[in-house]
Amino acid sequence: MDTRRPFRTFAIALGTAGLLISGCSSGSSTNAVPSLSSPPVPAALKAYYAQQLNWRDCGVEAFQCATMRAPLDYAKPDGGDIELAVSRAKATGPGERIGSLLVNPGGPGGSAIGYLQGYAAIGYPAQVRARYDMVAIDPRGVARSEPVECLTGPQMDAYIQVDQTPDDAAEVDRLSAAYQQFASGCERHSGKILPHVSTVEAARDMDMLRSLLGDEKLHYVGASYGTYLGATYAELFPARVGRLVLDGAMDPSLPALDVNRDQTAGFETAFQSFAADCVKKAGCPLGTTSTADAATRLKRLFADLDAKPVPTGDSRELTESLATTGVIAAMYDESAWPQLRDALTGAGKGDGSGLLSLADGYYEREPNGTYANLMFANTAVNCLDLPPAFADADAAARALPSFEKASPVFGRTFTWAALNCAHWPVRPTGTPHRIEAKGAAPIVVVGTTRDPATPYKWAESLAGQLSSGTLLTYRGDGHTAYGRGSDCIDTAINTYLLDGTPPADVKQCS
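Numbering (the working numbering), first residue to last: 23 to 532.
Listed below in structure tokens is the structure:
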């Protein structure tokens, strides 16, 4: 299931492929050639690097906005432009300004500008905001930067309710048809941009922005998929790496099948943690005996909803697919666990509104029935960055046992969700491989031990691949670690951002 995307809450930034949940991808474009020194700007790109950013008031207090032109196709820079949205909040002082700090909340498909204006520019520590201009660029195809569009609101409503745990051949056919309809809609509405929303191209856009901001080095905090974007930048431009924080790390060496299966296990780990907490509380909707019993009860609820959806007070009923989305959405942050307990209690009594609300937040569905382009951009980037996990439904069916072993609760859903890129209209340009970024300055990689969307072993792997990687560990629940309540984590990252000193390798915090 594609959980490589940011949760709606800006206080956290969340991060393989699918109809139900979409998120962090792995892999890298074949044209990402490592460099040991800072490459000169190609002649064909000099006009882009020489443009001026015309900053203006963007209607949000303390923020400026601008538009940056980039080539639609870096292989053919004279073949037309794409316009990318940029925003910043100037350094507040006191203290000498260090430079610009780019932020990206993950996805792919999460709006970096929304994250900056909604959280980072007020939620990051005051001492960091004092010495950096806080900057965001919506990656190509995302939000304000020529967004990928695929389905109307009513079409999207129907799409996310398709049964994602098919029980027979007819249901498999309906699921495959839904994926094909989604892909066709993206091609019809955004066919021009679909071949040019890769992570490599987004990383090249970031280097152009770095130059236009007047910075010799890129300083950056990326979460979830944003860690893959940052690592890709380091691979392309190692000599231009400044202070990079990669929080909730992806492993770029993994093929899509392994990414999906690892995330399946990650969400099982997160559910076990939620269940262990829930069964200790009176009135836990999953019982008060054991985590095994809790898992059995949740699976029974899903099966009941598959057979008979329940009302929500909305025109839509709560289906098994929407209920599963709601549960998984709450796994990203333990602060959502009380809301999930209430939602499960309601669903058990025939009221699906709580789980529907969690699912709507995850999909960025507005009350008027419209959707942000998060899921459209998410699929477009993921399907371009890596070859699909499954070539067809038969391959997905063969993989079911391994996914169900990884997660008895979510395994079936994650398996079939990983089928979505099989029908994508654009061939992938990326391949999984190690990223070493030889010659880069120290890079801090952060991993959370019970992270559902980006399992801890991915952070261990990325830190080991990067020639200058340092691993910072948070022993806890939830997705990502910076700014989520650990003084130990925050102090280590703030020190690195402010004076360039990385934490001791394999430092552990709780």
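For glycine and all other residues, C-beta sits at the position ideal for the given N, C-alpha and C. This structure is a prediction, so every number in the text was calculated from the model and none was measured.
- Taking C-alpha positions only, G452 is separated from C306 by approximately 45 Å.
- Distances from the CA of D95 to each of C80, I215 and M178 were compared; the closest alpha carbon is that of I215.
- Proximity to F425 across D100, Q86, G121 and D280 peaks at D280, based on C-alpha coordinates.
- In this structure, G163 is the residue among G163, M228 and Q73 with its C-alpha nearest to the C-alpha of E209.
- For D326, the enclosing alpha helix (DSSP H) begins and ends at T313 to A329.
- In this structure A113 is in contact with R153, their Cβ atoms being roughly 6 Å apart against a cut-off of 8 Å.
- In the structure shown, T346 falls within a helical segment according to DSSP collapsed to helix, strand and coil.
- Straight-line measurement puts the Cα of G500 at about 14 Å from the Cα of D299.
- If the five residues before and after Q73 are omitted, its C-beta is found closer than 8 Å to the C-beta atoms of M90, R91 and L234, all from its own chain and listed in chain order.
- Per DSSP, the continuous beta strand (DSSP E) segment holding M156 begins and ends at Y154 to I159.
- The beta-carbon distance between T341 and Q183, rounded to whole angstroms, is 5 Å. This is short enough to meet the 8 Å contact definition.
- Contact annotation, G128 with Y255: C-beta distance approximately 15 Å; criterion of less than 8 Å not satisfied.
- Shown here, K479 sits in a helix according to DSSP, grouped into three states.
- Bridge partners of S379 according to DSSP: none are assigned.
- Runs of the alpha helix (DSSP H) lying entirely within the region 141 to 211, each at least 4 residues long, are 148 to 153 and 175 to 181 in chain order.
- Distances from the alpha-carbon of E193 to those of A415, G370 and A88 put A415 closest.
- In the three-state reduction of the DSSP assignment, I457 falls in the coil class.
- When DSSP states are grouped into helix, strand and coil, A394 belongs to the coil group.
- Look at Y96 here: in three-state DSSP terms it is coil, with no helix or strand label.
- Secondary structure note for T221: its alpha helix (DSSP H) is the uninterrupted segment T221 to L234.
- Annotated as proximal: M353 and P474, with beta-carbon spacing under 8 Å.
- Assignment of Q86 by DSSP, reduced to helix, strand and coil, places it in the strand class.
- Annotation for P409: P450 place their beta carbon closer than 6 Å to its own, counting only its chain and skipping 5 residues before and after.
- DSSP, reduced to helix, strand and coil, places S122 within a strand of the structure shown.
- By the neighbour-count criterion, in which a residue is buried when 16 or more other Cβ atoms sit within 10 angstroms of its Cβ, T513 is exposed.
- In the three-state reduction of the DSSP assignment, I215 falls in the coil class.
- The three-state secondary structure of Q530, taken from DSSP, is strand.
- Only residues of its own chain outside the window of five on either side were considered, and among them A205 and C405 have a CB closer than 6 Å to the CB of W446, listed in chain order.
- Residue range V263 to D269 is occupied by the beta strand (DSSP E) that includes L268.
- Comparing C-alpha distances from T367 to each of T249, P464 and L320 shows the shortest one belongs to L320.
- G244 sits in a strand when the DSSP states are folded into three classes.
- The C-beta distance from A253 to P274 rounds to 6 Å, short enough to fall under 8 Å.
- Excluding five sequence positions before and after T523, the CB atoms of its chain that fall closer than 8 Å to its own CB belong to T517, given in chain order.
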